[in-house]
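Chain order of the listed sequences is A and B.
So for the first sequence, the numbering used here puts the first residue at 9; every next one is plus one.
So for the second sequence, the numbering used here puts the first residue at 123; every next one is plus one.
In this text, a Cβ means the ideal position worked out from N, Cα and C, and glycines have one as well.
Single-structure report; data block below.
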Amino acid sequence: MYVRITRMALHYRWRLAIGLVAIFFAAGFQLAIPILIGNAVDTANNLFGDADARAKDALVLTAILLFAVSVGRGFSAMVQNYMGESIGQHIGYELRMLYYEKLQRLSFSYHAGVHTGDLITRGILDVEGVRMFVQTALLRSVFLVVLIGTGMYLMLTKDLQLGLISLSFVPFVAWRATVARLRLRSNWYSLQEKLSSLTKVMDENLGGIRVVRAFASQKHEMMKFDGASNEALSLANIQVGIRATNISLMSLAFMLAMAAVLWVGGLRVIDGEMTAGGLTQFLAFMSILLQPVRQIGMMVNGYARGAASGGRLFSVLDLEPDIQDKPGAKDLEITEGVLEFHNVSFGYEGEHTLNGVSFKVQPGHTVGIVGPPGSGKSTIAHLVPRFYDPVDGYITIDGQDLRDIKLESLRRAVGVVEQDTFLFTASVEHNVAYGDPWAPDDRVELASQYAQLGDYIERLPGGYDTMVGERGVSLSGGQRQRLSIARSIMLKPRLIVFDDSTAAIDAATEQRIRAALAELTKDRATIIISHRLSSLMHADEILFIDEGKIVERGTHDELLALGGHYNDLYELQIRPSEDSHPLDDEGGAS
Amino acid sequence: MATRRFSERTHEIPPKASIRRGPTTDEEVFGEAFNGQVVGRFIKYVAVYRKLLFVAIAAVLVFTVSSITFPLIVKSVYDEALSEGAPDRSRLAMLVIVFLVAVGFNFIANFFQELIVGRVAERILFDMRRAMYLHLQRISLSFMDKTEIGKLMSRLQGDVAALQEFVETAVFAIGDLVLLVGIIGAMVWLDWRLGLMTLAVLPTLLIVRIIWLPFARRAFLRARVTSSIVSGALAENINGVRVVQGMSREYVNYDLFDIRASDNLRAANLASKLGVMMLPIVDTLTGAAMAIVVVMGGFFVLGGTIETGVMVAFVLFVQRFFDPIRSLTMHYNVLQRAMASGERIFEVIDVPVDIKDKPNAIVLEDIDGSIEFENVTFGYFPDQPILKDISFKVKPGETVALVGPTGSGKTSTTALLHRFYDVWEGSVKVGGHDVRDVTLDSLGKQVAMVLQEPFLFSGTIFENIKYAKDDATREGIVEAARAVGAHEFIMKLPDGYETELEQRGGNLSLGQRQLISFARAIVADAKILILDEATASIDSYTEMLIQQALHRLLEGRTGMVIAHRLATIRSADRIIVLQDGRIIETGHHDELMELGGLYAHLYSMNYASFDDIPDELIQRATQAAQESAT
Ligand SMILES: Nc1ncnc2c1ncn2[C@@H]1O[C@H](COP(=O)(O)OP(=O)(O)OP(=O)(O)O)[C@@H](O)[C@H]1O
Ligand SMILES: Nc1ncnc2c1ncn2[C@@H]1O[C@H](COP(=O)(O)OP(=O)(O)OP(=O)(O)O)[C@@H](O)[C@H]1O
Ligand SMILES: [Mg+2]
Ligand SMILES: [Mg+2]
């Protein structure tokens, strides 16, 4: 993981190089300061008897040097920090773009199985985790290594034995750092997972706010929230515990080493084997190391979080969409626009949702599909633009297998008005023009008029610039569906699938939409899925689907003559029935 | 007309695509009521844990004092044990033991300061998120309609996480602050002249800060806002990924996202430039202070005004003095960033709640289930009434159907019954009580609703049907599922009722989702049941089965049914026809058919083929309807 992130950082060669140079300078200046201060003390002390002027000169010189070194340290620290942050931000940006790109390409089967809350958490918190790692941990750890390394070198060359004693804390700190890093990493990993669940809870609550309010279930929702939140909190607490233990143990080791130096060094001074000054220097160097040792604790945390977050991000980035262009895929070439299902079977998970479905739609013809909920109608609609691949059998457009065609050219040619309307938080115009944001105004307006939205939009105070709210909340159900119809037909696709896209539209409006579209669908293959038979009865062929199989097929009249399921439906919708009384306990008498 | 290919990346912003880059409307909406006192308000959240914090501060004090004693002990070692005249082993041993004791204190205090401050900090973060979330549960829908979940999410997660960074460094910051105060005290105590001279650089620092602050603040806020825009864009695209792929918008979206992400990159970069700018300034001032001490202190020593020891101590202290200032500077940047986030968090908490319980609101219990709309006028935007002077009554146990063309205000009518919004004029009464006089919670329990758009939660099917009805039994749930005809397909699923639903029930067909949401409303066991297109995505045969089963289950309940498929409602006790926000016809099916108004036309249209219905007919129908209304 670190290798991968570091490799990303290596793209920013110059920044990295400048940052590293700045690090060496910063470390150098940092180490120079105590030496200069020691100098000053000596000057003030030793030259006590000397001529005042010389001492004063020396003092002033030291002071100037000290000032210069401080300024130098400040600037190199600035450069070092800036480079760290800048690299971090660039990597954060890069990761975001990669992540975004990947998510847009991953196929339906992937998106069906993951929660958007989880994906969003990765996009927000995990990118942040990696960024923080690069920004604060990566460069700074080089700084610490340089500082500690130099300190070690200075001490070991000064006096091997005392040097070893004073550095005795290093192995312990290294060991603790490793242990803590591993523990923190798994902790961060679970913590990010829990935060993901928390996001899920919040995301669903806000997305389903009308349900929450309608059922007055705030208490229930708060319980769900508290459940997820408390789990995350207890993990966070464990994390704090690990950190506290770790940081305090590391300082303890360091201080104990210092005590040992004091004892051993003190004895040696008493025995005359060492000067008091020598011991002072040792202690001075050690105190330079104090701050870095404390920072190691924080650094370890950054590393752990970086690894956990990086893992969660890369696990998405490494996925390959299972639906993508074959090598050598060609653009779709439409000669007539004939869509054909050849004995298609398909299942989402294991068991089959569609079984041996075959049908053919000629240009200018309409195939109608009816069937009970869950029979597989939308599944058929999803196979046409190749959102999924059939498990068995194949689908062709003008004889070209969908799997041999470039996805983009296929999806440009096929328009599916989804059953489950999704609108974007944007203006009416931008939603209609979603498929082609370069479309001229008149095309947008024409499409809206076809979908019988034109009059309504014109009456709006903002006209086409009116915002529709998230997922279109400020529209009525029927308006949402019509907008989504307008969005699809604006692209003038060669094949059109209407998946129950008029369920929330009254019959009168629907008729007008159909009449308007008659022109458009004249030379196009059209599939209409609907529960309202009046929408279907003029189709050239009607398929009745049950449990993934076509159980009845034919024209309206043929199916009525057959007297099967279709006929039952027709009877129910058409003939005023005496025996069904919806929600009515008085038997309909009035 | 050839459609432009998007795969050639154009880097030009298409004219009809949304790129909201700056603070968008919802950022502005949020800002309105925010009162600006981030720090003061933050302290309120901290104050909850004051007892623990006292312990923590005690630990910080012990830690700092013991840290300060180390140099003093070392100094004693020199003075007492290693003095050239009389080296003293036992004295050394004793001092080392004293040192070890200090180390022990230091260790324990260190552990506790980290532990307590860290934990309290986490608590506070979680508390703040909870406060935000709880508030979002109460904010009225008219506000929520205008905001994007992605952006709220960015506040609930992103901004809270940004505070986290602050809180993590807060431990050190507190220690630094104490250290700073201690050192200043020690310096002034050692020699006040030298002490004050050193401190003389502090005002400069303050002035620089004051100039720097407004810039930095704006930059940090901008960084957070742009980041929130990025999160919003990400969230929306994840949610709408099917449409994106279906329309091959990937490339355009990538470019648009790039614009926003680059904005964020630039803003963050500017913020960090401003942040690191403080480092050389502080170091320059540190250098100046050290130079002052060296020169003046040296002169004092030379002049014999002070002793060498004082100067040594001073130099050591000055060095330590600026350490906390340096790290406080870094913390200060983090703090500024945190302030920006804090501001965004409090903005949410400050959004006013328009619709809330009156001080002594009635708790609805055992009502009769009557509904009354009295001259109700209502709209979503000022001056644009959607419902105009609507009046009708529904008797307990009666079933009334609402029909009308799309956008005529049917769903809005039911929203008022639930008090999602407040009426402009007139009143809505449930069980004889004005909905504004009763508690929202009890109102929700009396009115169950199948929403036009079925929304399911992730979780098992069982949990979804049960939802908030904690006392629902398994039998009750199965019975409801049977009644709506969902039992069969549920049992066919591999895990039956325990099948985990994906987000929004994505692994079910829309009709199946609608059935589950229907069952959920039945289990809620309310006096009034509202079905808003509850069977729109269900075939007529299944629908008939549902109606037969419901007949028994819903005995004695008041019903309000909305449907476009008129077969669904033809046997309702009364049918109310809405057109453009007005009631234009009411009556039983047969009466309305006789009337020959809009209903009759809509009804007949259900059979007719679209070739048969000329446009004029429809127009005539609507006109006739309008005339009969006036
Ligand atoms: N949350 C909202 N904010 C703003 N305007 C809204 C909102 N909800 C609905 N509207 C507008 O109010 C009008 C009535 O909408 P409503 O949803 O009540 O219609 P409806 O009769 O239920 O239609 P449908 O049959 O299509 O569902 C529509 O013009 C719609 O655009
Ligand atoms: N993403 C998915 N993962 C797993 N199973 C799925 C998924 N989508 C649909 N199914 C299942 O596949 C079957 C067919 O679903 P489909 O959406 O095609 O039905 P439908 O005929 O369109 O029904 P409706 O009339 O309710 O829209 C259903 O049993 C459904 O539960
Ligand atoms: Mg479907
Ligand atoms: Mg509606």
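What are the start and end residues of the alpha helix (DSSP H) that includes residue i?
i, result
"A/V378", "It is not in any alpha helix (DSSP H) - A/V378 instead sits in the beta strand (DSSP E) that spans T374 to V378."
"A/S353", "First-last for A/S353: L347 to F354, but that is the beta strand (DSSP E), not the alpha helix (DSSP H)."
"B/V366", "V363 to G368"
"A/Q519", "A515 to T529"
So for residue i, helix, strand or coil by DSSP?
i, result
"A/K225", "Here residue 225 of chain A is Ser; the residue named in the question, Lys, does not match the sequence. It is coil, neither helix nor strand."
"A/K557", "strand"
"B/F577", "coil"
"B/Y167", "helix"
"B/A730", "In this prediction, B/A730 has a pLDDT of 44, which is less than 50 and means its spatial position is unreliable; what the coordinates show is noted afterwards. Coil at B/A730, not helix or strand."
"A/L18", "coil"
"B/V182", "helix"
"B/A671", "helix"
"A/N363", "strand"
"A/F56", "Residue confidence is low: A/F56 scores 48 on pLDDT, short of 50, so the model does not pin down where it sits. Its coordinate-derived value is still stated next. If DSSP states are grouped into helix, strand and coil, A/F56 belongs with the helices."
"B/T146", "Residue placement at B/T146 cannot be trusted, given a pLDDT of 49 that sits under 50; the coordinates are not used to answer."
"A/S435", "strand"
"A/F180", "helix"
"A/Q427", "coil"
Is residue i near ligand 4, going by C-beta to nearest heavy atom under 7 Å?
i, result
"A/K232", "no"
"A/K530", "no"
"B/K591", "no"
"B/T708", "no"
"A/T253", "no"
Would you check whether ligand 3 has a heavy atom nearer than 7 Å to the C-beta of residue i?
i, result
"A/D126", "no"
"A/S538", "no"
"A/Q427", "yes"
"B/G368", "no"
Where does the unbroken beta strand (DSSP E) through residue i begin, and where does it stop?
i, result
"B/P507", "Q506 to V516"
"B/Y502", "I493 to F503"
"B/S549", "E547 to V552"
"B/G709", "R704 to G709"
Is the closest heavy atom of ligand 1 to the C-beta of residue i under 7 Å?
i, result
"A/Y486", "Just to set this straight, residue 486 of chain A is Gly in the shown sequence, not Tyr. Result yes, Cβ under 7 Å from ligand 1."
"B/I71", "For residue 71 of chain B there is no data in the structure shown, the boundaries of chain B being 123 and 752."
"A/G319", "no"
"A/L483", "yes"
Please find out if some non-hydrogen atom of ligand 2 comes closer than 7 Å to the beta-carbon of residue i.
i, result
"A/Y381", "Correcting the residue identity first, residue 381 of chain A is Pro in this sequence and not Tyr. Yes - ligand 2 has a heavy atom lying nearer than 7 Å to the Cβ of A/P381."
"A/K385", "yes"
"B/A537", "no"
Under 7 Å between beta-carbons, which chain D residues line up against residue i? List them in chain order, please.
i, result
"B/D201", "Checking the listed chains, one finds no chain D in this structure; the protein chains it contains are A and B."
Are the region 66-80 of chain A and the region 416-430 of chain B touching, with three or more C-beta to C-beta distances below 8 Å? Touching, yes.
If you measure beta-carbon to beta-carbon, which residues of the region 523-545 of chain B are closer than 7 Å to chain A? Hits within the stretch, in order: P527, T528, G529, T533, H540 and F542.
How about the region 626-640 of chain B and the region 569-579 of chain B: do they share at least three Cβ pairs that are nearer than 8 Å? They touch, by the three-pair rule.
Using Cβ-Cβ distances below 8 Å, what residues of the region 554-575 of chain A are close to chain B? Legend: CB atoms of the region 554-575 of chain A lying less than 8 Å from CB atoms of chain B belong to residues H573.
When you check each C-beta in the region 440-458 of chain A against every C-beta of chain B, which residues fall closer than 8 Å? Result list: A441, Y442, G443, D444, P445, W446, A447, R451 and V452.
Closer than 7 Å, Cβ to Cβ, to anything on chain A: give me those residues from the region 209-243 of chain B, in chain order. Within the region 209-243 of chain B, the residues whose Cβ lies closer than 7 Å to some Cβ of chain A are P209, R211, L214, V218, F221, L222, V225, N228, F229, N232, F233, E236, L237, G240 and R241, listed in chain order.
Check whether the region 262-277 of chain B touches the region 211-227 of chain B, taking contact to mean three or more Cβ pairs, one atom from each stretch, closer than 8 Å. Proximity of the region 262-277 of chain B to the region 211-227 of chain B falls short of the contact definition, fewer than three beta-carbon pairs being nearer than 8 Å.
Are at least three pairs of beta-carbons, each pair with one atom in the region 350-364 of chain A and one in the region 323-342 of chain A, less than 8 Å apart? No, because fewer than three Cβ pairs between the region 350-364 of chain A and the region 323-342 of chain A fall closer than 8 Å, the two stretches do not touch.
Examine the Cβ distances between the region 530-539 of chain B and the region 164-180 of chain A and report whether three or more of them are shorter than 8 Å. In short, these stretches do not touch, since the Cβ pair count stays below three.
contact_flag[the region 298-309 of chain B, the region 443-454 of chain B] where n(CB pairs < 8 Å) is 3 or more: The region 298-309 of chain B makes contact with the region 443-454 of chain B, as at least three CB pairs between them are under 8 Å.
Would the region 582-593 of chain B count as touching the region 218-237 of chain A if we require 3 or more Cβ pairs under 8 Å? Touching, per the Cβ criterion.
Using a Cβ-Cβ cut-off of less than 7 Å, list which residues of the region 524-556 of chain A approach chain B; keep chain order. Cβ contacts with chain B come from H539, R540, S542, M545 and H546.
Closer than 9 Å between beta carbons: that is the criterion. Which residues of the region 338-364 of chain B meet it against chain A? Cβ contacts with chain A come from S349, V352, S353, G354, A355, L356, A357, E358, N359, I360, N361, G362, V363 and R364.
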